[in-house]
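Novice: Order-wise, the sequence lines are chains X and H. Under this note's numbering, the first residue of the first sequence is numbered -9, with each subsequent residue one higher. Under this note's numbering, the first residue of the second sequence is numbered 4, with each subsequent residue one higher. The C-beta atom is built at its ideal place from N, Cα and C for all residues, glycine as well. Keep in mind it's a predicted model, so treat the numbers as computed, not measured. What follows is a single structure, and I will ask about it in a moment.
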Amino acid sequence: MKLARPIDKTHLQLSQVSKSFLREGHPLPVLDRISLTVNPEELVALVGPSGCGKTTLLQIVSGLVIPDAGEIFLNDARVSDGRGPVAYMQQKDLLLPWRKALANTLLGPEIAGEDLRTAQTEARQLFVDFGLSGFEQVYPAQLSGGMRQRVALIRTLLCRKSLLLLDEPFGALDAFTRRQMHDWLLRAWQEFRFTALFVTHDVEEALLLADRVYVLSARPAQVKAAIEVKLARPRVPTEREFVGQKAQLLTWLNQEPEEEG
Amino acid sequence: MARYREFGMPTLFLLSLALIWEIAVRTGQIATYLLPAPSAIGSAMLLYRSLLVQNTLATLQSVGFGLLLALSTGLILGIALFYWPLLKSTLYPLLIASRNIPYYAIAPLLIVWFGLGFLPKVIVATLIAFFPIVVNTHDGLKAVDPDLVKLMQTLGASRFQILRKVRFPAALPLILSGVKLGAVFAVVGALFGELIGGQRWTPEGLIGGLGYLMREAANRGALDLAFAGMVWLSALSLALFGVVALLERYLLRWQISERA
Ligand SMILES: Nc1ncnc2c1ncn2[C@@H]1O[C@H](COP(=O)(O)OP(=O)(O)O)[C@@H](O)[C@H]1O
Ligand SMILES: [Mg+2]
């Protein structure tokens, strides 16, 4: 499969980004001087206890939340509101229930005012590649959770943004469907070579997919560790090196008493 | 079988009620000048059918215009209230409070201002059909999942695109239930305008809508005709409700598949 317009290479850098929210009149520090890098075509995972600020971090990169301090560089250009070559996929699939599956995936090109015929041809191909052929003209309510998530992923891909932000994209799926989704994602990544920053609470998921894993502390989140995953793909969770990295990652995560999330 | 239960039993009940009514009138338990027998109402419907149809059309006209006016102004104001906080903080509390005012009470004034014709009836119908539509439009636009709006923002959508592609379709179920209520209200409003309003001469006789017809018939002791008017009025009201319900089924077909 080919996209009509190739995806540009994107390089993301966060430098000393901090953010506090106001809660009942008191500042609630959420992010504390976060610095991280996502190189072009890299898959980078964020793990950390729940409530530590992972979603906030993605929202800052996507432009939905303005940081209090720090800088964000996209392709070496400083961005203030983040709105740029970024596609953000939230935890919920957020399909529009009144649109059929195919029409849902065309939302991005439609808003951008692109040629819908080309986009539709691409979408149909992606439906086939993602094992969704025959479900193009079905309303989201009639799809299973895994299918809805794949439709949302196709919608994200069709936005043709070079940087994907994925917030616990497979968190709500059962273990089996989740493993399938990993295969879909890796296949799509091999085709499109996009760059992605994703949040997960599944350590194994992080190691299966990512080139680098950032471990965040409890709120206010700081970067506790950046772990390079040098294993060759396809990765197998039972391999010795994989098991070793998993143990290392868990040690970092569990250095404080909070439950992982 | 479910259909039979849904419609069979109520129909049976109505038929037996009509039968008891007929017997009571025929055996002299109820005086005919107070309550005509169903058979008498039936023959009045035949005898006066053209007069009834003419007046039904007159009522339908007031209701139709009233509802269309209420729909267009209601949608526009509902959207304006949502996007314009100053307008909302000024008008919305008044709108909510004024829902309890019986608007048909101003019908006599409207007749003083606008005469006995078509206009006051349309205005009353519009006024009372308007409220559920405005309020439901505003509330529906507001109740949209904020994450859907965020999604649209990250896709670079303009406010108008967000309204057209997300807020409005998401609000549609609530808007349509406002319209259903508005349709019923419009019939009440038009009827009230006619009850106190006037008529015009046609070769068929005096045409002032079903409300006018019922008032005149009752004044002249022609209760069979008054009842025949009521039958037509109920049919009109049900038909209107049915049309909006069909429209709803079509526009919200994605919800039907959700229930399946
Ligand atoms: N808009 C907001 N206003 C106030 N507090 C917020 C807001 N967004 C998030 N928070 C708070 O910030 C903290 C981090 O939230 P979040 O980024 O969603 O964490 P995570 O995704 O890691 O679970 C939470 O305590 C949350 O309640
Ligand atoms: Mg989160």
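Can you find a CB in chain X that lies within less than 8 Å of the CB of V169 (chain H)?
Specialist: Output row for V169 (chain H): interface = yes.
Novice: How big is the Cα-Cα spacing for V247 (chain H) and V182 (chain H)?
Specialist: Distance between the alpha carbons of V247 (chain H) and V182 (chain H) is about 8 Å.
Novice: What three-state label does DSSP hand Y129 (chain X) in the structure shown?
Specialist: Coil, per DSSP.
Novice: At a Cβ cut of 8 Å, what residues of the segment 126 to 160 of chain H count as close to chain X, listed as they run along the chain?
Specialist: Per Cβ criterion, the list reads D148, D150, L151, K153, L154, M155, Q156, T157, L158, G159 and A160.
Novice: Flag Q80 (chain X) as yes if its beta-carbon sits less than 8 Å from any beta-carbon of chain H, otherwise no.
Specialist: Output row for Q80 (chain X): interface = yes.
Novice: Run through DSSP, which three-state label would Y95 (chain H) get?
Specialist: Note: Y95 (chain H) maps to helix in three-state DSSP.
Novice: Closer than 9 Å, Cβ to any Cβ of chain H: which residues of the segment 82 to 100 of chain X, in chain order?
Specialist: Here the close residues are K82, L84, L86, P87, W88, R89, K90, L97, G98 and E100.
Novice: Please report the Cβ distance between L198 (chain H) and G214 (chain H), rounded to the nearest whole angstrom; I am assuming they are in contact, meaning their Cβ atoms lie under 8 Å.
Specialist: Yes, L198 (chain H) and G214 (chain H) are in contact; Cβ-Cβ is about 4 Å, under 8 Å.
Novice: For E250 (chain X), is the classification buried or exposed, using 16 other Cβ atoms within 10 angstroms of its Cβ as the cut-off for buried?
Specialist: For E250 (chain X), the pLDDT reaches just 45, beneath the cut-off of 50, and the residue's location in the model is therefore unreliable, leaving the point undetermined.
Novice: So the candidates are X:L33, X:E104 and X:P227; which of them puts its Cα closest to the Cα of G159 (chain H)?
Specialist: Residue X:E104 is the option with its Cα nearest to G159 (chain H).
Novice: Near E248 (chain X), which residues of its chain fall below 6 Å by C-beta distance, leaving aside the five closest residues on each side in sequence?
Specialist: Any reading at E248 (chain X) needs caution, since the residue's pLDDT is 48, under 50, leaving its predicted position unreliable; the model's value is listed next. The answer, listed in chain order, is P39 and A208.
Novice: Shortest alpha-carbon distance to Q115 (chain X) belongs to which of X:V205, X:L47, X:L147 and X:V233?
Specialist: The residue with the shortest Cα to Cα distance from Q115 (chain X) is X:L147.
Novice: Which same chain residues, not among the five before or five after Y204 (chain X), have their C-beta less than 6 Å away from its C-beta?
Specialist: Here the set comprises L26, L36, V213 and A216.
Novice: If you draw a straight line from the alpha carbon of T14 (chain H) to that of T45 (chain X), how long is it in whole angstroms?
Specialist: The straight-line gap from Cα to Cα measures roughly 58 Å.
Novice: Using the beta carbon as the reference atom, which residues fall closer than 5 Å to any heavy atom of ligand 3, ordered along the chain?
Specialist: Of the ligands this structure carries, namely ligand 1 and ligand 2, none is ligand 3.
Novice: So, with DSSP's three-state summary, where would you put Y78 (chain X)?
Specialist: Three-state result, Y78 (chain X): strand.
Novice: Between which two residues does the alpha helix (DSSP H) holding A193 (chain H) run?
Specialist: Where A193 (chain H) is concerned, the enclosing alpha helix (DSSP H) stretches over F171 to I199.
Novice: Taking the Cβ atom as the reference point for each residue, do V128 (chain X) and K90 (chain X) lie within a distance shorter than 8 Å?
Specialist: Yes, they are a contact pair.
Novice: Could you tell me the alpha carbon to alpha carbon distance between R162 (chain H) and A100 (chain H), rounded to whole angstroms?
Specialist: Looking at the two C-alpha atoms, the distance is approximately 30 Å.
Novice: With hydrogens ignored, establish whether the beta-carbon of Q254 (chain X) is closer than 7 Å to any heavy atom of ligand 2.
Specialist: In the structure displayed, chain X extends from -9 to 251; residue 254 (chain X) sits before or after that span and is not available.
Novice: Please report the distance separating the alpha-carbon of A237 (chain X) from that of L197 (chain X).
Specialist: Roughly 11 Å separates the two Cα atoms.
Novice: What does DSSP give as the partner residue(s) for E218 (chain X) in the beta ladder?
Specialist: Bridge partners of E218 (chain X): X:R202.
Novice: Assess, as a yes-or-no matter, whether the segment 10 to 30 of chain X is touched by the segment 168 to 179 of chain X under the definition of 3 or more beta carbon pairs within less than 8 Å.
Specialist: The segment 168 to 179 of chain X vs the segment 10 to 30 of chain X: no contact.
Novice: Find the nearest neighbour of E32 (chain X) within the set X:V226, X:F184 and X:L243, judged by alpha-carbon distance.
Specialist: Measuring from the Cα of E32 (chain X), the nearest candidate turns out to be X:F184.
Novice: If you measure between the beta carbons of P75 (chain X) and K151 (chain X), is that distance less than 8 Å?
Specialist: Yes.
Novice: Taking 7 Å as the cut-off, does the CB of D157 (chain X) come closer than this to any heavy atom belonging to ligand 2?
Specialist: Yes - ligand 2 has a heavy atom lying nearer than 7 Å to the Cβ of D157 (chain X).
Novice: Among the residues of its own chain, which have a CB less than 7 Å from the CB of S123 (chain X), if the five just before and after it don't count?
Specialist: For S123 (chain X), where only same-chain residues beyond five positions count, the Cβ hits under 7 Å are F117.
Novice: Once you ignore the five residues that flank S10 (chain X) on each side, which residues in its own chain have a CB closer than 7 Å to its CB?
Specialist: So the qualifying residues of the chain are P17, L18, P19, V20 and D58.
Novice: Under the assumption that G140 (chain H) contacts G69 (chain H) (Cβ atoms under 8 Å), give the Cβ distance between them as a whole number of angstroms.
Specialist: A small fix is needed here, since residue 140 (chain H) is Thr in this sequence, not Gly. At roughly 17 Å, the Cβ-Cβ gap does not stay under 8 Å, so T140 (chain H) and G69 (chain H) are not in contact.
Novice: Note down the Cα distance separating R(-5) (chain X) from A109 (chain X), rounded to an integer number of angstroms.
Specialist: Reliability of the predicted coordinates at R(-5) (chain X) is poor, the pLDDT of 49 falling under 50, and no value is obtained from them.
Novice: For ligand 2, is there any heavy atom lying closer than 7 Å to the beta carbon of Q139 (chain X)?
Specialist: Because no heavy atom of ligand 2 lies under 7 Å away, the Cβ of Q139 (chain X) does not count as near it: no.
Novice: Confirm the yes/no value for this check: CB of Q170 (chain X), any heavy atom of ligand 2, distance under 7 Å.
Specialist: Checking the Cβ of Q170 (chain X) against ligand 2 gives no.
Novice: Where DSSP assigns a beta bridge to F188 (chain X), which residues make up the other side?
Specialist: For F188 (chain X), which the question treats as bridged, DSSP gives the partners X:A35 and X:L156.
Novice: Can you have a look at N94 (chain X) and say buried or exposed, based on whether 16 or more other CB atoms are within 10 angstroms of its CB?
Specialist: The residue is buried, with at least 16 neighbouring Cβ atoms inside 10 Å.
Novice: Can you tell me the Cα-Cα spacing of L143 (chain X) and L85 (chain X), whole angstroms?
Specialist: Roughly 10 Å between the two C-alpha positions.
Novice: Secondary structure at E28 (chain X), three-state DSSP: helix, strand or coil?
Specialist: Note on identity: in this sequence residue 28 (chain X) is Val, with Glu being the wrong assignment. Here V28 (chain X) sits in strand by DSSP.
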